[in-house]
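Residue numbers (the numbering used here), protein chains in the order written: chain A, 11 to 279; chain B, 11 to 279.
Glycine included, C-beta positions come from ideal geometry on N, C-alpha and C.
All values derive from a computational prediction rather than experimental measurement.
Here's the structure, in structure tokens; my notes come after.
2 protein chains.
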Amino acid sequence: MVRAVELAPILGDLSGNIGRITEAIAQAVSDGVQLLVLPELATTGYYLVSREAALAASLRTDAPQFTRWAAMLAPDTVVVVGFAERRGDIAYNSAAVLSSGGLLALYRKVHLWDEEKSIFAAGDETQPVVETPLGRIGVLICYDLEFPEVPRSLALRGAELLVVPTNWPLLARPEGEHPPEVIQAMAAARASAIPVVCCDRCGIEAGKLWTEGTTIIGSDGWAAGVRNSHVVTATVTLNAGAGQIGPRNHVIADRRPNHYAALVTGDEQ
Amino acid sequence: MVRAVELAPILGDLSGNIGRITEAIAQAVSDGVQLLVLPELATTGYYLVSREAALAASLRTDAPQFTRWAAMLAPDTVVVVGFAERRGDIAYNSAAVLSSGGLLALYRKVHLWDEEKSIFAAGDETQPVVETPLGRIGVLICYDLEFPEVPRSLALRGAELLVVPTNWPLLARPEGEHPPEVIQAMAAARASAIPVVCCDRCGIEAGKLWTEGTTIIGSDGWAAGVRNSHVVTATVTLNAGAGQIGPRNHVIADRRPNHYAALVTGDEQ
Numbered sequence: 011m012v013r014a015v016e017l018a019p020i021l022g023d024l025s026g027n028i029g030r031i032t033e034a035i036a037q038a039v040s041d042g043v044q045l046l047v048l049p050e051l052a053t054t055g056y057y058l059v060s061r062e063a064a065l066a067a068s069l070r071t072d073a074p075q076f077t078r079w080a081a082m083l084a085p086d087t088v089v090v091v092g093f094a095e096r097r098g099d100i101a102y103n104s105a106a107v108l109s110s111g112g113l114l115a116l117y118r119k120v121h122l123w124d125e126e127k128s129i130f131a132a133g134d135e136t137q138p139v140v141e142t143p144l145g146r147i148g149v150l151i152c153y154d155l156e157f158p159e160v161p162r163s164l165a166l167r168g169a170e171l172l173v174v175p176t177n178w179p180l181l182a183r184p185e186g187e188h189p190p191e192v193i194q195a196m197a198a199a200r201a202s203a204i205p206v207v208c209c210d211r212c213g214i215e216a217g218k219l220w221t222e223g224t225t226i227i228g229s230d231g232w233a234a235g236v237r238n239s240h241v242v243t244a245t246v247t248l249n250a251g252a253g254q255i256g257p258r259n260h261v262i263a264d265r266r267p268n269h270y271a272a273l274v275t276g277d278e279q
Numbered sequence: 011m012v013r014a015v016e017l018a019p020i021l022g023d024l025s026g027n028i029g030r031i032t033e034a035i036a037q038a039v040s041d042g043v044q045l046l047v048l049p050e051l052a053t054t055g056y057y058l059v060s061r062e063a064a065l066a067a068s069l070r071t072d073a074p075q076f077t078r079w080a081a082m083l084a085p086d087t088v089v090v091v092g093f094a095e096r097r098g099d100i101a102y103n104s105a106a107v108l109s110s111g112g113l114l115a116l117y118r119k120v121h122l123w124d125e126e127k128s129i130f131a132a133g134d135e136t137q138p139v140v141e142t143p144l145g146r147i148g149v150l151i152c153y154d155l156e157f158p159e160v161p162r163s164l165a166l167r168g169a170e171l172l173v174v175p176t177n178w179p180l181l182a183r184p185e186g187e188h189p190p191e192v193i194q195a196m197a198a199a200r201a202s203a204i205p206v207v208c209c210d211r212c213g214i215e216a217g218k219l220w221t222e223g224t225t226i227i228g229s230d231g232w233a234a235g236v237r238n239s240h241v242v243t244a245t246v247t248l249n250a251g252a253g254q255i256g257p258r259n260h261v262i263a264d265r266r267p268n269h270y271a272a273l274v275t276g277d278e279q
């Protein structure tokens with residue numbers, strides 16, 4: 011069972027936000043959830059006004075809080091949570107992957123959105139594929155998902171499920187349509203036959219609304235979750251065999267990479 | 011003005027299908043359409059039983075028919091049509107790009123679906139970016155679109171609009187959802203801020219239904235067309251400036267290709 015909880019962090023309120031995360035973890039453990047995904051920057055809120063403000067509410071990866079959360083987990087369960095990370099004087103928009111053993115992996119957002127470029131340093135390391143008790147989990151954050159290269163690369167590198175902590179500011183969209191970011195996630199799921207778990211946030215911050223677009227997508231590309239207020243829960247099947255989409259077709263094996271050189275050589279106009 | 015016409019080719023009826031294409035072109039010319047897109051394999055129908063059957067209904071690229079269609083066109087107008095191509099004893103699932111001057115470009119489908127692998131040879135040349143009087147048009151066919159690498163590569167190589175002649179067999183989908191292939195097209199359009207024109211077919215063939223999913227998508231990722239029976243018409247704006255999606259963000263400039271190596275090196279599990 012997979013769950014994503016659309017928290018409403020309060021800007022800069024580190025201890026209150028930690029409390030909200032702790033509560034979501036406790037509830038998930040009590041409900042037998044195996045994988046819990048929480049939003050981007052769940053410890054700080056989004057509209058941080060400066061690098062200093064981010065650092066003031068940030069955590070180092072050796073912060074005891076991660077150990078405390080890990081200690082709450084049953085064996086073979088995983089939590090992914092977005093947080094503002096401090097490393098010396100540098101702030102990162104990061105995600106922690108936790109298991110009962112502690113901090114299993116760290117990811118620092120590579121593609122930064124808007125004012126994040128003034129606040130955070132961009133990550134230097136490619137989105138990780140993390141070996142977990144549940145399988146290989148690929149981690150990306152929010153704007154990373156807008157680059158089709160990213161979810162596809164994670165699938166090619168062996169990820170069996172993708173998690174996307176995110177903060178999606180509400181955008182206008184035609185009536186009856188999914189949020190555009192959900193369409194990107196559905197396309198990514200279907201293209202590589204891999205489940206994608208997007209955890210957005212809720213609440214109003216700095217007068218702005220969020221999309222509240224949390225969606226758990228199955229390897230067939232369709233939403234698989236049941237929503238109860240801001241908690242979305244689903245049973246998903248990991249990737250095994252899903253890529254074989256016809257007697258003679260496989261979403262990965264049918265690729266012809268020698269035709270894709272433009273993706274890594276950049277703009278060739 | 012851009013138009014896609016969901017024809018209903020009759021299997022193997024080359025001369026009848028040519029007539030239907032000619033009619034669609036004549037109507038488009040009369041209506042002042044600048045870009046007309048017609049389905050995959052519009053000259054032959056889809057469920058060809060063998061390579062011999064495909065060859066029997068195929069056209070060589072020097073077939074006088076292409077010259078006749080080109081002669082119908084106003085200057086600065088373009089037609090893209092899918093056809094079975096013969097080159098010696100080899101059949102290809104191809105698309106022709108025509109302007110008033112004649113055959114402007116040819117594309118042979120690179121990613122083949124199912125039984126196509128028994129009938130057609132796969133194209134060896136990457137999907138083309140064609141300089142036309144309307145701008146640079148990227149051409150892909152049907153299953154090509156399922157590989158996010160393909161539309162993205164075309165955009166990176168300078169395409170300002172993508173055309174997708176297609177034959178989408180009807181798949182079950184949850185109520186209220188777009189066809190899954192349309193979701194792929196919407197995601198591709200939004201990811202690169204580029205219009206995508208998908209022309210499906212209609213009619214029943216070999217007892218099978220088609221999706222009739224013809225959709226013209228704007229550079230914002232939303233459907234832009236008006237449907238009148240099997241004719242979808244839209245005004246779309248080419249790519250100029252659409253990629254700048256925020257004061258500090260651009261869908262292409264924000265890419266970090268050194269993190270995308272898995273896309274061209276294949277499966278790195």
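If you ignore the 5 residues before and after A/Arg162, its C-beta comes within less than 8 Å of the C-beta of Ala198, Ala201 and Ser202, all in its own chain and listed in chain order. Per the coordinates, the alpha-carbon of B/Leu17 lies some 18 Å from the alpha-carbon of B/Gln75.
When secondary structure is reduced to three states using DSSP, B/Asn268 falls in the helix class.
Contact residues of the stretch 254 to 275 of chain B toward chain A are Ile255, Gly256, Pro257, Arg258, Asn259, Val261, Ile262, Ala263, Asp264, Arg265, Arg266, Pro267, Asn268, His269, Tyr270, Ala271, Ala272, Leu273, Val274 and Thr275 (C-beta to C-beta distance below 9 Å). DSSP places A/Phe93 within a strand segment (E or B) once states are collapsed to three.
Counting C-beta pairs closer than 8 Å gives three or more between the stretch 144 to 162 of chain A and the stretch 113 to 122 of chain A, which meets the contact rule.
Here the C-alpha atom of B/Arg61 lies approximately 35 Å from the C-alpha atom of B/Leu144. Straight-line spacing of the CA atoms in B/Thr245 and A/Val90 works out to 44 Å.
By the criterion of a C-beta distance shorter than 8 Å, B/Lys218 is surrounded in its chain by Tyr57, Pro179 and Leu180, once the five residues flanking it on both sides are discounted. B/Asp41 counts as exposed, since fewer than 16 other beta carbons sit within 10 angstroms of its beta carbon. At a cut-off of 8 Å, the C-beta of B/Ser163 has a neighbouring C-beta in chain A.
Its Cα nearest to that of B/Gly168, the residue B/Gln137 stands out among B/Gln137, B/Pro190 and B/Glu95. Cβ-Cβ distances below 8 Å link A/Leu273 to Glu159 in the same chain, with the five nearest sequence neighbours on each side left out; the list follows chain order. Contact annotation: B/Ile262 and B/Gly256 have beta-carbon atoms that are not nearer than 8 Å. Closest in C-alpha terms to B/Ala131, from the list B/Glu95, B/Leu166 and B/Gly148, comes B/Glu95. A/Val59 counts as exposed, since fewer than 16 other C-beta atoms from the protein chains shown sit within 10 angstroms of its C-beta. For a Cβ distance threshold of 9 Å, residue set Arg266 and His269 of chain A lies close to B/Val120, ordered along the chain. Taking a C-beta cut-off of 8 Å against chain B, the contacting residues of the stretch 168 to 199 of chain A are Gly168, Arg183, Pro184, Gly186, Glu187, Pro190, Ile193, Gln194, Met196, Ala197 and Ala198, listed in chain order. Residues of chain B whose Cβ lies closer than 7 Å to the Cβ of A/Thr136 are, in chain order, His269.
For A/Leu114, there is no enclosing alpha helix (DSSP H); the enclosing beta strand (DSSP E) covers residues Gly112 to Arg118. For the C-beta of B/Lys218, not a single chain A residue is nearer than 7 Å; the gap to the nearest is close to 14 Å. Distances from the alpha-carbon of A/Arg211 to those of A/Leu51, A/Val39 and A/Leu65 put A/Leu51 closest.
A direct Cα-Cα distance of roughly 6 Å separates B/Leu248 from B/Leu171.
If you draw a straight line from the Cα of B/Ala271 to the Cα of A/Ala271, it is about 10 Å long.
The criterion of a C-beta distance shorter than 8 Å is satisfied by A/Val107 and A/Val149.
With respect to chain B, the C-beta atom of A/Leu166 has a partner C-beta closer than 8 Å. Buried is the label assigned to A/Val241, since at least 16 other Cβ atoms lie within 10 Å of its Cβ. Contact with chain B is found for A/Gly231, since one of that chain's Cβ atoms lies less than 8 Å from the residue's Cβ. By the neighbour-count criterion, in which a residue is buried when 16 or more other Cβ atoms sit within 10 angstroms of its Cβ, B/Pro184 is exposed. Taking 8 Å as the upper bound for CB-CB distance, B/Leu48 and B/Ile31 are in contact here, some 6 Å apart.
Bridge pairing for A/Gly148: A/Val139 and A/Leu172 [DSSP].
Under the rule that a run must span 3 or more residues, the beta strand (DSSP E) segments found entirely inside the stretch 17 to 49 of chain B read 45 to 47.
The DSSP-derived three-state label of B/Ala198 is helix.
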